[in-house]
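Protein chains in written order, with the numbering used here: chain A, 1 to 233; chain B, 1001 to 1233. See structure below.
What follows is the structure in structure tokens.
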């Protein structure tokens, strides 16, 4: 019996209409749809594609435990994806839904690095959040020979400052509990007038607000600060 | 009479199936479709959406002259987009087609900065080339707290070297006549084993080849080098 095919499907930033035609075609053709989901929460990726699900597909949810030590978490990751591997071994194609793009800061890498040597794998790129946030904010992000960097808000304060000065345009991701630190760095560098905050870009409850009005105790996972290029062309 | 609406439509990296559902809907609804095109060449953005054009739309092509001095080119840019502004003033919606994403290193910025204060403007983000190249190459690009940077190959050699050492993962764009310089920097930094070259990602004539086998005198505009993260998770 031949194995099933593994698809990593980028479902984009939140608006179901930002799915690609290719993602939609594969999503509706496979017998098994898989996504990451905490036990007590709805999967965001699944909610994005909910309007398109055809109703007779097997759904598999898996959960990667929070791992401050990735090495120690290896056996847990392998266990988490076992149900996906079982469907593939049984000859069923599996589409793994990924918010944004699968290979850009996504958890699909945990499946990709473990399964792509055993099973034929195809990745469908998706609209990524820095681009979606720039569109939603209406700001050209980077031009010509600009250096554009993506920075995790979890980086230490001095690293964030150095990197913000190093690049012409920046997207700061993973803000959540690091928001106050990031805001403080932006103030120190006098970047507040240029920086823009957005949460849940392209989702129905999208919010744009001045950085100094953000409640730092209540910053969602789907939030970002963009520092666009200074160039005016 | 009310003005038309300006749409910046990201049509993705090349595969027509990587258009989003939203891009397709707007593309097929507007009376005017516009795109950048040199006089003697087919527009790549138009060729990407060719399968979807409905046949009774007005098409407008415009050309931004090569500008080593952007300031001096201002009047030329204004002249280039005049036909688009005319349609908008006459009340007709215009969809401007943009390869990849409109606000990420795209020429749509030249229209956006000149027209969005006069005409209602909406930008539809698209699948951008770094993500498309990572999918086509099958390499996870960036993880967790990685610093990811986009670098233009037009940057000076020493800047490229500094920036390559600064980031965990890098996409090098605009290679063309700068390819030999970039390859030399990658050799100096011993990054050749990690770096991957791809041209025309997701297009029918996509090519992947070892960097040392690339003919540096014949590198197309749609080419990229990715230096993915070292992390193995």
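Each residue gets a CB set at the ideal place from its N, CA and C atoms; glycine is no exception.
Please list the partners that residue i has in chain A, where partner means a Cβ-to-Cβ separation under 8 Å.
i                      : result
residue 1017 (chain B) : 20, 21, 22 and 25
residue 1139 (chain B) : 103
When the cut-off is 7 Å and only beta carbons count, does residue i lie next to chain B?
i                     : result
residue 150 (chain A) : yes
residue 154 (chain A) : yes
residue 131 (chain A) : yes
residue 47 (chain A)  : no
residue 229 (chain A) : no
residue 89 (chain A)  : no
residue 142 (chain A) : yes
Does the beta carbon of residue i come closer than 7 Å to any beta carbon on chain A?
i                      : result
residue 1112 (chain B) : yes
residue 1145 (chain B) : yes
residue 1128 (chain B) : yes
residue 1109 (chain B) : yes
residue 1061 (chain B) : no
residue 1209 (chain B) : no
residue 1217 (chain B) : no
residue 1184 (chain B) : no
So with CB distances below 9 Å, who are the chain A contacts of residue i?
i                      : result
residue 1134 (chain B) : 101, 102, 103, 104, 123 and 125
With residue i as the anchor, note down where its alpha helix (DSSP H) starts and where it stops.
i                      : result
residue 1139 (chain B) : Where residue 1139 (chain B) is concerned, there is no enclosing alpha helix (DSSP H), given that its DSSP letter is neither H nor E.
residue 1045 (chain B) : 1044-1049
residue 180 (chain A)  : 179-188
If you run the structure through DSSP and keep just helix, strand and coil, what is residue i?
i                      : result
residue 1021 (chain B) : helix
residue 1163 (chain B) : helix
residue 1129 (chain B) : helix
residue 1011 (chain B) : coil
residue 86 (chain A)   : helix
residue 169 (chain A)  : strand
residue 37 (chain A)   : coil
residue 1108 (chain B) : helix
residue 1115 (chain B) : helix
residue 1027 (chain B) : helix
residue 1207 (chain B) : strand
residue 1151 (chain B) : strand
residue 1006 (chain B) : strand
Taking residue i as the query, report the chain B residues whose CB atoms sit under 8 Å from its CB, ordered along the chain.
i                     : result
residue 167 (chain A) : 1149
residue 223 (chain A) : Simply none; closest approach about 16 Å.
Does the separation of the CB atoms of residue i and residue j fall below 7 Å?
i                      : j                      : result
residue 60 (chain A)   : residue 11 (chain A)   : no
residue 1131 (chain B) : residue 101 (chain A)  : yes
residue 6 (chain A)    : residue 119 (chain A)  : yes
residue 1084 (chain B) : residue 1034 (chain B) : yes
residue 92 (chain A)   : residue 54 (chain A)   : no
residue 1021 (chain B) : residue 19 (chain A)   : yes
residue 1227 (chain B) : residue 1189 (chain B) : no
residue 182 (chain A)  : residue 154 (chain A)  : no
residue 1200 (chain B) : residue 1222 (chain B) : yes
residue 1004 (chain B) : residue 1088 (chain B) : yes
residue 1013 (chain B) : residue 1202 (chain B) : yes
residue 127 (chain A)  : residue 1150 (chain B) : no
residue 1099 (chain B) : residue 1044 (chain B) : yes
residue 1103 (chain B) : residue 134 (chain A)  : yes
residue 1161 (chain B) : residue 1148 (chain B) : no
List the residues of chain B that residue i touches, going by C-beta distances under 9 Å, in chain order.
i                     : result
residue 28 (chain A)  : By Cβ distance, chain B contributes nothing, its closest Cβ being about 13 Å from residue 28 (chain A), past 9 Å.
residue 116 (chain A) : 1138
Using a cut-off of 7 Å between C-beta atoms, extract the partners of residue i located in chain B.
i                     : result
residue 290 (chain A) : Here chain A comprises residues numbered 1 to 233, so residue 290 (chain A) is not present and cannot be evaluated.
How about residue i: is its Cβ closer than 6 Å to a heavy atom in the ligand NAP?
i                      : result
residue 1212 (chain B) : Among the ligands in the structure shown, none appear at all, so the ligand NAP cannot be discussed.
Grab the span of the beta strand (DSSP E) containing residue i for me, first residue to last.
i                      : result
residue 1095 (chain B) : 1094-1098
residue 1226 (chain B) : 1223-1227
residue 1061 (chain B) : 1058-1062
residue 1198 (chain B) : 1196-1199
residue 1121 (chain B) : 1121-1124
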